[in-house]
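In this note's numbering, the protein residues as written are 22 to 508.
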């Protein structure tokens, strides 16, 4: 098998080859590492290569697991993997090595995935681009002058460029869906409580963050969710799967749905005409597929919601920085924290407990308002982000002339459709349904009712057949003869 053949398969396809003995996990690992060597100098997506760990995992892998022997990468944020670097994208977290697996990492391993390396993240995940002083900028394989999105941009660039078919990601404001949109991938943010976050993180970002992955196909997303869903021991938020496996049910015909659509951001943020056109075209496809499609959107008080987002994020950044400093023994200082993140640290440190509690309460109130909207609709369709992927340097967390509030507003002006559903906890899925005139991916976001990933995935599968995307590949890809240089 060569890199071109390797990158043509999704994760389930590769695992099937392992089970039929047409390829070995060792061969797949070597191809993944070859891919890193080939495209990572252009992309800067992979931080650490874990060949020795991968070899040990291959010796133990269950050959009957659904993803048996498939190479896999994890983001250096939140998820814990034994013996693996965990910088959190920050100089203050550099040289942190995790002593033990989290429950989710245990489930990834049981699914047959072979950990081969770690990927970049912006500092503490608070950016919609993946650019950090500790690593430098991660670049988009579709155009190296643009970002692959954030905060899971390293994972997204690695999957989009064919290094691996699945990579770990997490989402506290859009960090699975934004890079999926920018990089031409499938990005599901599961329902709050669907995927375990313990035992080291109880409710990341006070319940607005969730762990999962980015992939290239709906079936990989569905089967991976089957493998990792369900609460861990003592979980604060428990959400059981009460139906047959997603991987089986995605192939059943989805019932006719009532779908709301919008191209209008609640905040009034600018939405690019190409993103608007992509929604309109998808609306026509959905109607042709037999769904009822209506222009409508949930409405809520934006100013108080933005204030709640600032307060929750900054309080947690303060906590994360303090924790990183305790772990590494480094002093907390603006010399080792990026400028905008330092402002967030200061803001969060000065926040009163009553203000944080009020922020959590505002999110609960917004959740109830939005739940009322979804009483009338099965799905809400929108752009995933409001513009085309940002150019490198456009979202600069090391800008000394920006406050914590201004930084938050900049992130969510760029991506005004995503963080609402972190507050409500609903499942939300970005699909690569369009591309710009310049060849950049345009993702569209579909959001479902609380705990209803199944309808989202079934509709996603229907759209995957109607608007196929699996065989699209960017200019910087492991199958190309020569990786392209940065222009």
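C-beta: ideal position from N, C-alpha, C; glycine also.
On a predicted model such as this, the values are computed, not experimentally measured, just so you know.
Cβ-heavy atom distance, residue i to the ligand ADP, below 6 angstroms
i: residue 76; result: Questions concerning the ligand ADP fall outside what the structure shown contains, since it holds no ligand whatsoever.
Buried or exposed by the 16-neighbour rule on C-beta atoms within 10 Å, applied to residue i
i: residue 357; result: buried
i: residue 198; result: buried
i: residue 263; result: exposed
i: residue 189; result: buried
i: residue 373; result: exposed
i: residue 192; result: buried
i: residue 483; result: buried
i: residue 489; result: exposed
i: residue 274; result: exposed
i: residue 265; result: exposed
i: residue 101; result: buried
i: residue 300; result: buried
i: residue 112; result: buried
i: residue 278; result: buried
Rounded C-alpha distance that separates residue i from residue j
i: residue 471; j: residue 394; result: 12 angstroms
i: residue 33; j: residue 242; result: 10 angstroms
i: residue 344; j: residue 234; result: 25 angstroms
i: residue 479; j: residue 435; result: 29 angstroms
i: residue 314; j: residue 465; result: 15 angstroms
i: residue 223; j: residue 117; result: 20 angstroms
i: residue 225; j: residue 145; result: 12 angstroms
i: residue 90; j: residue 69; result: 19 angstroms
i: residue 402; j: residue 353; result: 42 angstroms
i: residue 485; j: residue 455; result: 12 angstroms
i: residue 405; j: residue 194; result: 12 angstroms
i: residue 43; j: residue 84; result: 13 angstroms
i: residue 132; j: residue 248; result: 6 angstroms
i: residue 149; j: residue 135; result: 28 angstroms
i: residue 507; j: residue 171; result: With a pLDDT of 49 at residue 507, under the threshold of 50, the modelled position of that residue is not reliable, and the figure given next carries that caveat. Taking the straight line joining both Cα atoms gives about 19 angstroms.
i: residue 412; j: residue 49; result: 33 angstroms
i: residue 25; j: residue 501; result: 8 angstroms
i: residue 400; j: residue 316; result: 12 angstroms
i: residue 163; j: residue 497; result: 7 angstroms
i: residue 437; j: residue 286; result: 6 angstroms
i: residue 282; j: residue 250; result: 29 angstroms
i: residue 67; j: residue 267; result: 30 angstroms
i: residue 427; j: residue 109; result: 22 angstroms
i: residue 362; j: residue 95; result: 23 angstroms
i: residue 475; j: residue 340; result: 35 angstroms
i: residue 165; j: residue 64; result: 7 angstroms
i: residue 98; j: residue 107; result: 6 angstroms
Simplified DSSP assignment, three categories, for residue i
i: residue 301; result: helix
i: residue 6; result: This structure cannot settle anything about residue 6, because the visible part of the chain is limited to 22 through 508.
i: residue 467; result: strand
i: residue 507; result: Here residue 507 scores only 49 on pLDDT, less than 50, and its place in the model should not be relied on; the value that follows carries that caveat. Note: residue 507 maps to coil in three-state DSSP.
i: residue 519; result: Since the first residue shown for the chain is 22 and the last is 508, residue 519 is missing from the structure and cannot be characterised.
i: residue 472; result: coil
i: residue 403; result: strand
i: residue 129; result: helix
i: residue 313; result: strand
i: residue 246; result: helix
i: residue 144; result: helix
i: residue 481; result: helix
i: residue 135; result: strand
i: residue 491; result: coil
i: residue 411; result: coil
i: residue 61; result: helix
i: residue 46; result: helix
i: residue 110; result: coil
Endpoints, beta strand (DSSP E) assigned at residue i
i: residue 451; result: 449-456
i: residue 394; result: Per DSSP, residue 394 belongs to no beta strand (DSSP E); it is in the alpha helix (DSSP H), 374-394.
i: residue 191; result: 187-192
i: residue 327; result: Run containing residue 327: none in the beta strand (DSSP E); it sits in the alpha helix (DSSP H), 323-349.
i: residue 442; result: Careful: residue 442 lies outside any beta strand (DSSP E), inside the alpha helix (DSSP H) at 441-445.
i: residue 232; result: 231-236
i: residue 280; result: 279-282
i: residue 69; result: 67-70
Unbroken alpha helix (DSSP H) run spanning residue i, endpoints
i: residue 33; result: 32-40
i: residue 94; result: Not the alpha helix (DSSP H): residue 94 falls in the beta strand (DSSP E), residues 91-96.
i: residue 367; result: 360-370
i: residue 27; result: 24-28
i: residue 180; result: 174-181
i: residue 267; result: 267-270
i: residue 198; result: 198-204
Touching or not, the stretch 370-390 and the stretch 248-261, by the rule of three or more beta carbon pairs under 8 angstroms?
no
Within 8 angstroms, do at least three Cβ pairs link the stretch 50-64 to the stretch 174-184?
yes
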